[in-house]
Amino acid sequence: MEKSDPLEVRYGTLLTTLQQEYPTIQSVKRSRLLRMIHRFGGDVERIRKNLQKHQEKQNAGKPDLNAARHQHQEEIKAKYASQLVELKAAGINTNNPCVQQQLEKYHGDTNKILEKIKHREEKKDHITQLDARYSSQLAQLESDGVKTKNKRLLIELLEKANGEIDVVKQLLTERKEQKDQIMSSTTNTVEEYDEKLSSSKKHLEINIDDIDQLRQLRNAGVHGNPMKIFALFHECNQSIERTVVRYKQVQEQREKESEKRTQQRITLAEIHNAYLTLNNQNDWPNNIQKLTRQGCQLLKPYQWFAHCAMLLTPDLIMNENKIDMTSTTTTTTITKNKIRYDLNELARRIAKIDL
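Going letter by letter, the sequence shown gives residues 1 to 355 in full-length UniProt numbering.
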């Protein structure tokens, strides 16, 4: 509950009252209920309406849920009957639902389950031994006013500090400081959440006030996200006629962009297939004139011609080293290698080709 303490202070009394009115929410974590109340801004009517729906849903689905859970347990017992006999012989309570869940989790691996149970028992024995070893230190801490609900935490801290009471007190102080920092950060988060909540409420009120205008826009053929429609509506000075015209322009632009993307995909597929067709030929031409003619019979983009030209005229490819000086704490010199193509010479060569 550390992170929910600000909400507990603000809504704790209200939550206690609601838990008495709606017994079905007793099984829900208190922190979750506090966040739910905070989400509704403490509006009791909305909270009760939400809890009423939750209670009706729980009452309607509870018998079916119990029946399904019982059926699932029976299926596990039938599936892992031999493993349950083995665990029972080892002294394990096989009626415990946790044991059945572990059987399903580890796919009937009894060795894994016994290992987990053994580890848990060893840990309990270890804590019991430490409790007996540091009984005097625990009594001293209690007499000094050190109180904590988690006695196991004190035992672990005593083991970590080799029984030194002063070290344990210092560790507890550090833990308290960390909790205070978390509390302060949580308070800031709650305030930010309140600001966002008030903003969302404002949007909700605007939507309710403009419901008639939204209906008129719908009838005029303007469809889509209501918030985007209202943004377009205010952009057009709250004129329905201008909004309709602007909406049609946006739709036409989207259709053109969609057609353009479709055509680009078709062209890309044609280029890909053309490359595959030419690359699969056994008699690959070694003459730029023949290669260009053959490629242009399939497609005519400039990328294909550039590819063919660079493939058959590698002597026109030039490497240029560019020096880049970077000034930081220490001056660094970086040499970049750039590839350039002599397009002027290429133009002189292919100008005589009769395509």
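Beta carbons are placed, not taken as given, at the ideal position from N, Cα and C, and that holds for glycine. In this text, all values refer to a predicted model and were calculated from it rather than measured experimentally.
Put Lys169 into one of helix, strand or coil per three-state DSSP.
If you number the sequence shown from 1, residue 169 lands on position 169. It is helical.
With distances taken from CA atoms, which of Asp125, Gln83, Lys116, Leu130 is nearest His107?
As a first step, residue 107 is located in the sequence shown; it is residue number 107 there, counting from the start. When Asp125, Gln83, Lys116, Leu130 are compared, the shortest CA-CA separation from His107 is found for Gln83.
Below 8 Å CB to CB, which residues in the same chain sit around Gln140 once its five sequence neighbours on both sides are set aside?
Counted from its first residue, the sequence shown places residue 140 at position 140. The answer, listed in chain order, is Ile165.
Bridge partners - Tyr341, DSSP secondary structure assignment:
Taking the first residue of the sequence shown as 1, we reach residue 341 at position 341. Residue pairing by DSSP places Tyr341 opposite Ile317 in a beta bridge.
Can you look up Cys236 in the DSSP assignment and give me helix, strand or coil?
The residue labelled residue 236 in the question sits at position 236 within the sequence shown. Here Cys236 sits in coil by DSSP.
Rank Arg48, Gly163, Arg120, Gly91 by C-alpha distance to the C-alpha of Asp131 and give the top, closest one.
Counting from one through the sequence shown, the residue named residue 131 turns up at place 131. For the residues Arg48, Gly163, Arg120, Gly91, the minimum Cα distance to Asp131 belongs to Gly163.
Leaving out five residues on either side along the sequence, give the residues of the same chain with a beta carbon under 8 Å from the beta carbon of Gly42.
The sequence position of residue 42 within the sequence shown is 42, counting from 1. Closer than 8 Å at Cβ, skipping near neighbours: Arg10, Tyr11, Leu14.
Close Cβ partners of Ile127 (< 8 Å) along its chain, the five nearest in sequence each way excluded:
Indexing the sequence shown from 1 puts residue 127 at position 127. Excluding sequence neighbours, Ile127 sits near Arg152, Ile155.
Which whole-angstrom value describes the C-beta separation of Gln73 and Gln100, a residue pair presumed to lie in contact below a C-beta threshold of 8 Å?
Position 73 of the sequence shown holds residue 73. Position 100 of the sequence shown holds residue 100. Rounded to the nearest angstrom, the Cβ distance from Gln73 to Gln100 is 6 Å, consistent with a contact under 8 Å.
Under the three-state reduction of DSSP, which class applies to Phe40: helix, strand or coil?
By 1-based counting over the sequence shown, the position of residue 40 is 40. Note: Phe40 maps to coil in three-state DSSP.
Examine the Cβ distances between the stretch 29-47 and the stretch 212-221 and report whether three or more of them are shorter than 8 Å.
These segments do not touch.
Should residue 389 go down as buried or exposed, given a rule of 16 or more other Cβ atoms within 10 Å for buried?
The structure shown does not extend to residue 389, since the chain is modelled only from 1 to 355, so the question has no answer here.
Is Leu7 closer than 8 Å to residue 356 when the C-beta atoms are compared?
Since the first residue shown for the chain is 1 and the last is 355, residue 356 is missing from the structure and cannot be characterised.
Please list the segments of the alpha helix (DSSP H) lying wholly inside the stretch 95-183, counting only runs of 4 or more residues, in order along the chain.
Counting whole runs of 4 or more residues, the stretch 95-183 contains the alpha helix (DSSP H) stretches 97-105, 110-133, 135-143, 151-160.
How many Å lie between Ala161 and Glu104 at the Cα?
Along the sequence shown, one-based indexing puts residue 161 at 161. Along the sequence shown, one-based indexing puts residue 104 at 104. Rounded to whole angstroms, Ala161 to Glu104 spans 41 Å at the Cα level.
Please determine, among Ile113, His234, Leu172, the residue with the shortest C-alpha to C-alpha distance to Glu86.
To locate residue 86, count along the sequence shown from 1; it is residue 86. Of the listed residues, the one whose Cα sits closest to Glu86 is Ile113.
Cα separation between Ser185 and Val250?
In the sequence shown, residue 185 corresponds to position 185, counting from 1. In the sequence shown, residue 250 corresponds to position 250, counting from 1. Whole-angstrom Cα-Cα distance: 44 Å.
Residues near Arg242 in its chain [Cβ-Cβ closer than 6 Å; skip 5 each side]
As a first step, residue 242 is located in the sequence shown; it is residue number 242 there, counting from the start. Short of 6 Å from the beta carbon of Arg242, and not among the five residues preceding or following it, lie these beta carbons of its own chain, in chain order: Cys236.
Distance, Cα to Cα, His70 vs Lys57?
Working through the sequence shown from its first residue, we reach residue 70 at position 70. Working through the sequence shown from its first residue, we reach residue 57 at position 57. One alpha carbon belongs to His70, the other to Lys57, and they sit about 20 Å apart.
Under the three-state reduction of DSSP, which class applies to Val222: helix, strand or coil?
Working through the sequence shown from its first residue, we reach residue 222 at position 222. DSSP places Val222 in coil when its eight states are reduced to three.
Taking just the CA atoms, how far does Ala231 sit from Lys300?
Taking the sequence shown and counting its residues from 1, one reaches residue 300 at position 300. Taking the sequence shown and counting its residues from 1, one reaches residue 231 at position 231. Bear in mind that the predicted position of Lys300 carries a pLDDT of just 49, short of 50, making it too unreliable to give a figure here.
So what's Tyr80 in DSSP terms, helix, strand or just coil?
Within the sequence shown, residue 80 is the residue found at index 80, counting from 1. Note: Tyr80 maps to coil in three-state DSSP.
Leaving out the 5 sequence neighbours to the left and right, which residues in its chain are closer than 7 Å to Gln19 when beta-carbon positions are compared?
Within the sequence shown, numbered from 1, the residue matching residue 19 stands at position 19. Cβ neighbours of Gln19 beyond the five flanking positions: Ile25, Gln26.
Between the Cα of Ile92 and those of Lys179, Thr173, Glu121, spot the shortest distance and give me the residue it belongs to.
Taking the sequence shown and counting its residues from 1, one reaches residue 92 at position 92. Per the Cα distances, Glu121.
Whole-number beta carbon distance between Leu158 and Gln137, since they are thought to touch under 8 Å:
For the purposes of this step, residue 137 is taken as residue 137 along the sequence shown, with counting starting at 1. For the purposes of this step, residue 158 is taken as residue 158 along the sequence shown, with counting starting at 1. Confirmed, about 6 Å.
Quick one: is Leu268 buried, meaning 16 or more other Cβ sit within 10 Å of its Cβ, or exposed?
Counting from one through the sequence shown, the residue named residue 268 turns up at place 268. Here Leu268 is exposed: its Cβ has fewer than 16 other Cβ atoms, across all protein chains shown, within 10 Å.
Buried versus exposed, by CB contacts within 10 Å (16 or more), Gln178:
Within the sequence shown, residue 178 is the residue found at index 178, counting from 1. Gln178 is exposed by the Cβ-count criterion.
Any idea what DSSP makes of Ser68, helix, strand or coil?
What you label residue 68 is simply residue 68 of the sequence shown in a count that begins at 1. Note that residue 68 is Ala in the sequence shown here, rather than Ser. Judged by DSSP in its simplified three-state form, Ala68 adopts helix.
Do you know how far the Cα of Lys260 is from the Cα of Glu252?
Taking the first residue of the sequence shown as 1, we reach residue 252 at position 252. Taking the first residue of the sequence shown as 1, we reach residue 260 at position 260. Roughly 12 Å separates the two Cα atoms.
Which of the three DSSP states is assigned to Asn273 in this structure?
Mapped onto the sequence shown, residue 273 falls at position 273. Helix, per DSSP.
Let me know if Thr110 comes out buried or exposed under the rule of 16 or more other beta-carbons within 10 Å of its beta-carbon.
Locating residue 110 in the sequence shown gives position 110, counting from the first residue. Flag for Thr110 reads buried.
Straight-line CA distance for Asn50 to Ser31?
Looking up residue 50 in the sequence shown gives position 50. Looking up residue 31 in the sequence shown gives position 31. Going by the C-alpha atoms only, they are around 17 Å apart.
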